[in-house]
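Structure first, then comments.
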Amino acid sequence: MDQIAGDLRLVSLRKEFGDFVAVDDIDILIPKGSFFALLGPSGCGKTTTLRMVAGLELPTAGQILIGDHDIASLKPYNRPVNTVFQSYALFPHLDIYENVAFGLRRRGVKDVATQVEAMLSLVELDAFARRKPSQLSGGQQQRVALARALINRPEVLLLDEPLGALDLKLRRQMQLELKRIQTEVGITFVHVTHDQEEAMTMADTIAVMNQGKVEQLGSPMDLYENPKTTFVANFLGQSNLLTGEVMDRGDFVGVKVWGNHIKIPASRVATTNAKVWVGVRPEKIYISAESNHAHDHLGNQLIGTVLERSYIGVSTQFIVEIPGFLHDEKIMVFEQNVDASEVMAGDQVRISWDPAHTFALDAKQDAYAGDVLAEAE
Amino acid sequence: MTSKKWVPYLLLAPGALWLAIFFLTPMFNLGATSLYDPSGSLESGYVMNGHVGNYADALSEYWPQFLRSFTFAAIATVLALVIAYPLAYAIALKAGKWKNILLVLVIAPFFTSFLLRTLAWTAILGDNSSFVHFLQNIHILPEGGRILATPFAVVMGLTYNFLPFMTLPLFTSLEKVDSRLIEAAGDLYSKPFTGFRRVVLPLSMPGVVAGTLLTFIPASGDYINAQLLGGIKNTTMIGNVIDRAFLERGAYPTAAALSFVLMAAIVILVASYVKRAGTDELV
Amino acid sequence: MSEEKNLPPVESLTPEMRKVISSQVTRRGVIAGAGAVGLAAFLAACGTKGTADTKGSAAPASADQSDSDKSLNVSNWPLYVDVDENDESIRPSVIAFTAATGIKVAYTEDVSDNNVFFGKVRNQLAAGQDTGRDIMVLTDWMAAKMIRLGWVQKFDKANVPNVEAHLRAALKTPSWDPTRDYSAPWQSGFGGIAYNGDVTKPVMTIDELFTRPDLKGKVTCLSEMRDTMGLVLLSMGKDPAVFNQADFDAAIEKIQKAVDSGQIRKFTGNEYAPDLAKGNIAACVAWSGDVIQLQAKNDKIKYVIPDAGAMLWSDNMEIPNNAKHKKNAEAWINYYYDPKVAAQVAAYVNYICPVDGAQEEAAKIDPALANNPLIFPDAATLAKAHIFAGLDEATEKKCQDAFAKVMGG
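Residue numbers (full-length UniProt numbering), protein chains in the order written: chain A, 1 to 377; chain B, 1 to 283; chain C, 1 to 409.
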């Protein structure tokens with residue numbers, strides 16, 4: 001078992017349940033020692049992928065490689081992989097000490113006591129060794145689950161929505177703690193979550209999954225700044241997506257949006273189609289009175305009317321209607337609250353942004369894919 | 001606040017009243033009967049003279065039947081556990097959509113009377129039944145040997161009749177076992193059997209304790225199985241002795257004393273068992 | 001005629017089904033109701049504390065309201081009278097009785113066990129009160145006990161001429177009521193030997209039953225002491241109506257030998273019937289009522305009245321003290337001793353009809369019924385039948401204890 005080491009690679013990995021394709025030929029490389037997140041809405045196949053790595057589901061096809069070893073057909077108990085289960089799955093009949101010692105005892109490891117004590121102090125639960133899981137708080141149980149898995153020094157640690165059951169404040173705290181521990185132990189973490197903020201906070205690399213496929217894989221910043229699909233654009237943060245048609249191509253691509261001319265760097269156009277979605281994040285846009293020309297130098301500009309203005313503390317959010325645009329193509333703008341905004345609801349406004357903050361996606365994609373609010377409607 | 005104090009007592013009242021009328025009163029009467037002069041009768045009446053000797057007589061005369069009852073009950077309990085555990089395990093954890101149907105099948109025997117079910121076994125174990133012929137053919141039974149009217153038949157009857165009492169508590173406790181715990185055990189280097197032994201078995205112990213008690217207690221007092229499936233030698237259980245003492249011999253003090261001894265013996269056995277099993281340590 | 005506890009409701013069964021079930025658990029079995037019986041009998045016993053003097057408190061017929069109140073309360077065993085084929089709650093002979101006499105009958109099937117019934121009525125009878133019953137039907141030994149206790153009333157023989165005229169001779173002089181002043185049999189039955197002709201050659205005597213090597217382990221006896229002991233006493237040339245301690249001990253010893261040798265497989269209530277039918281047991285001490293039902297399905301099942309003699313038991317009608325309708329009760333008894341009526345009942349129940357002349361009447365209904373020797377035995381057979389002695393309390397107990405010991409406790 002010890003010689004199985006190295007990067008984790010999923011090669012053409014596929015899982016079908018009857019007619020339903022849960023995981024559709026995905027290929028992912030997870031470098032040894034990295035913190036990797038599988039992000040996606042429920043039903044996207046991320047948990048099934050994780051369970052295949054853990055050995056709890058058998059792949060329909062494909063390989064799961066750690067280094068050069070294909071572990072896809074190994075039994076869970078023969079894999080150098082451990083899991084932190086959703087809602088922890090701690091053994092209720094064993095105390096904390098025995099829960100943590102469980103894996104060591106099964107492998108016949110000698111100095112159980114030393115290791116368990118060291119692990120309990122890593123997760124700051126020394127004082128609770130003889131308590132039963134039911135006597136601990138949610139956050140404490142979470143750390144026991146982590147300790148119980150980590151103590152086995154696996155090649156890969158799988159975390160299935162590990163923070164889902166915690167309240168917001170505790171979740172934030174545990175995110176940082178998980179990151180600290182991962183850095184400390186240097187084990188490959190594969191973290192499954194539907195919470196984009198959680199994924200972006202902790203992971204070095206994120207794979208966004210949708211309907212069994214990997215939509216896009218990259219660093220948090222890369223995914224956010226340069227989404228390649230409408231799904232990623234909507235699922236990670238919010239995006240304004242406007243109907244556009246490519247007019248000319250060069251270093252900058254010229255796009256016509258309902259009669260307005262918008263420029264986009266060629267590197268940020270993810271399609272060769274002429275029909276595109278023109279995207280821009282709401283916080284990248286400056287909003288000012290129509291008469292104010294301070295942001296004219298940025299390059300992309302539209303004139304419209306403020307329909308709604310809501311003050312939410314860190315920022316003020318505006319919904320701007322542009323004459324000639326489709327009814328649902330209103331533009332959302334977030335303005336940092338540095339000074340009191342000069343713009344009020346009903347005002348004629350000028351909105352401006354840098355072409356470098358613009359991206360273009362294939363118009364064949366659903367403009368609402370990955371938009372949690374829109375999909376729920 | 002204080003006006004609400006009586007509410008718990010009020011809630012307790014129906015149960016307490018029920019127990020007082022239908023348990024304590026008969027118990028008291030039974031206790032009193034066990035101390036009557038045994039020379040009395042139903043017709044001439046009994047004289048209460050604190051005849052403790054009834055107990056000594058009951059024990060000295062019928063200890064073999066007591067011993068036999070507990071032995072039979074213990075064997076039947078172990079057999080029922082061995083049969084019911086895999087059954088309950090399969091229904092609770094493996095049956096999927098068949099779960100409810102299988103559960104109904106387990107309970108189905110309850111829909112017919114205990115007596116008729118036991119009578120049906122006289123057909124299954126009968127001297128000319130194919131089961132007995134089979135055993136004779138493979139030389140487990142000698143030629144002309146029989147199953148019916150032997151201790152073996154009685155134990156089989158007990159095992160069968162109390163099987164649902166074993167299966168249901170086991171099912172309930174196994175069903176409560178979170179399947180993710182089994183996955184977690186596998187993830188933590190337990191082979192399937194080790195995972196079962198270290199996780200599922202300990203978590204199902206409350207069911208094991210409940211099932212064994214629900215089987216052992218009625219089995220030790222049972223007399224139908226010995227009556228219908230047993231013979232004379234080595235099959236008479238204490239329940240048969242009590243039955244005959246009450247109904248055929250009219251020996252009420254003896255019967256009452258025997259009933260008390262049986263009750264006391266069961267209470268002692270059960271108490272020491274529960275203490276050993278350490279139910280309070282279990283989740 | 002069967003104890004129905006733990007069985008499906010009788011109303012919902014076809015006659016054929018009923019036959020199947022009653023063949024397993026019939027009238028005299030105690031097993032089915034034994035749980036309830038145990039408690040009831042026990043409670044009955046509890047009431048007896050310190051009431052040793054229960055005799056002689058009789059205050060007979062004074063309360064008879066028969067002339068003014070044309071009604072009658074009858075307590076009988078379940079399924080012991082003719083019923084309409086389509087509606088179990090209609091009892092043709094009872095309706096005919098009311099039509100003939102104008103006496104309205106409350107017919108209650110509340111006798112399911114002699115001891116339990118005794119527990120129901122003993123307090124009132126001991127205290128000299130009306131039990132609310134005018135007729136109760138009890139088995140010989142319990143009927144004898146009632147007479148011994150002085151709790152039942154003498155018949156006015158002028159009111160029951162049919163009993164005098166038609167009671168079969170063999171039933172006329174039981175030791176416990178030698179002139180039938182207090183009791184009249186409702187139905188009777190034999191305790192004899194039955195064997196399954198499919199698995200054994202004929203078994204004609206108790207000695208064969210107890211010693212023939214080919215029957216070893218395939219013999220059962222009844223756990224009812226009177227029938228088994230009576231047959232054994234007869235086989236030893238003793239009279240079960242008059243026997244002494246030595247006779248009894250010798251009979252016990254004879255049974256013990258057969259138990260020790262493994263000849264006797266077990267002692268049973270009616271549950272021997274299915275075993276006999278299946279051949280698990282080859283021969284046994286058996287009741288005629290059960291065997292009639294077995295014969296309906298297999299004519300190789302034979303019933304034997306040994307030459308040494310068989311036992312004859314009856315369930316007897318008695319009139320409890322202070323019954324409100326004694327004269328009406330006597331009219332009832334007299335009515336059911338009309339051979340025509342008796343034949344009507346015999347056509348429904350499977351027991352020996354105690355009424356002379358009923359056989360001829362039965363022949364008009366159904367010749368097969370009239371020819372069944374277990375319902376209408378001939379005089380020669382009946383002459384071989386004996387009624388067990390009415391035992392006093394102490395003797396009864398001694399006998400039952402000794403017999404229980406042979407049975408294994």
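Each residue gets a CB set at the ideal place from its N, CA and C atoms; glycine is no exception. Values in this document were obtained by computation on a predicted structure and should not be read as measured data.
Chain A contact for residue i (CB, 8 Å cutoff)
i, result
"A184 (chain B)", "yes"
"D178 (chain B)", "yes"
"D173 (chain B)", "The question names Asp, yet the displayed sequence has Ser at residue 173 (chain B). It does not; no Cβ of chain A falls within 8 Å."
"S129 (chain B)", "no"
"T194 (chain B)", "yes"
Residue interval of the beta strand (DSSP E) (run including residue i)
i, result
"F152 (chain B)", "Where F152 (chain B) is concerned, there is no enclosing beta strand (DSSP E), although the alpha helix (DSSP H) it sits in stretches over P151 to E175."
"E215 (chain A)", "K213 to G218"
"F325 (chain A)", "Segment: none, F325 (chain A) is in no beta strand (DSSP E) and carries neither H nor E."
"A22 (chain A)", "F20 to I30"
"G244 (chain A)", "N240 to D248"
"K233 (chain B)", "It is not in any beta strand (DSSP E) - K233 (chain B) carries neither H nor E in the DSSP assignment."
"V132 (chain B)", "Counting along the chain, V132 (chain B) falls outside any beta strand (DSSP E), though it belongs to the alpha helix (DSSP H) covering S130 to N137."
"V156 (chain A)", "V156 to D160"
Residue span of the alpha helix (DSSP H) that contains residue i, given as start and end
i, result
"R79 (chain A)", "No alpha helix (DSSP H) contains R79 (chain A), which DSSP labels as neither H nor E."
"L209 (chain C)", "I206 to T211"
"G195 (chain B)", "P192 to G195"
"A37 (chain A)", "Unbroken run through A37 (chain A) is the beta strand (DSSP E), F35 to L39; no alpha helix (DSSP H)."
"K254 (chain C)", "Q245 to D260"
"I103 (chain C)", "Element bounds for I103 (chain C): n/a, residue is neither H nor E."
"G239 (chain B)", "I238 to L247"
Top-ranked residue by Cα proximity to residue i, from the options
i, options, result
"P154 (chain A)", "A:R172, A:Q182 and A:P133", "A:Q182"
"T243 (chain A)", "A:V278, A:L29, A:V343 and A:S315", "A:V278"
"L125 (chain C)", "C:T139, C:N114 and C:L149", "C:L149"
"E57 (chain A)", "B:M48, B:R68, B:L262 and B:E183", "B:E183"
"D127 (chain B)", "C:G279, C:V163 and C:L72", "C:G279"
"T230 (chain A)", "A:V246, A:S219 and A:M209", "A:M209"
"L105 (chain B)", "B:L81, B:L19, B:N240 and B:L163", "B:L163"
"T271 (chain A)", "A:Y77, A:L307, A:V144 and A:F359", "A:F359"
Below-8 Å beta-carbon distance, residue i vs any chain B residue
i, result
"A5 (chain A)", "no"
"D275 (chain C)", "yes"
"G191 (chain C)", "no"
"L163 (chain A)", "no"
"Y77 (chain A)", "yes"
"A376 (chain A)", "Reliability of the predicted coordinates at A376 (chain A) is poor, the pLDDT of 48 falling under 50, and the value obtained from them is presented with this limitation in mind. No, its Cβ sits nowhere closer than 8 Å to a Cβ of chain B."
"H93 (chain A)", "yes"
"A360 (chain A)", "no"
"K120 (chain C)", "no"
"K397 (chain C)", "yes"
"T26 (chain C)", "Summary for T26 (chain C): the model assigns pLDDT 39, below 50, so the residue's position carries little reliability; its value from the coordinates is reported in the next sentence. For T26 (chain C), the answer is no, since every Cβ of chain B falls outside 8 Å of its Cβ."
"A404 (chain C)", "yes"
"E271 (chain C)", "yes"
"T188 (chain A)", "no"
"G50 (chain C)", "Any answer about G50 (chain C) is weak, because its pLDDT of 36 lies below 50 and its placement is not dependable; what the coordinates show is given next. At least one chain B Cβ lies under 8 Å of G50 (chain C)."
Rounded distance between the beta-carbons of residue j and residue i, thought under 8 Å
i, j, result
"G309 (chain C)", "L234 (chain C)", "4 Å"
"H295 (chain A)", "Y286 (chain A)", "5 Å"
"G31 (chain B)", "F260 (chain B)", "7 Å"
"D134 (chain C)", "A323 (chain C)", "4 Å"
"N316 (chain C)", "V137 (chain C)", "7 Å"
"L79 (chain B)", "I224 (chain B)", "So it is not a contact: roughly 18 Å between Cβ atoms."
"I319 (chain C)", "V152 (chain C)", "6 Å"
DSSP beta-bridge partners of residue i
i, result
"N371 (chain C)", "Note: N371 (chain C) sits in no beta bridge, so no partner."
Below-8 Å beta-carbon distance, residue i vs any chain C residue
i, result
"R249 (chain B)", "yes"
"T236 (chain B)", "yes"
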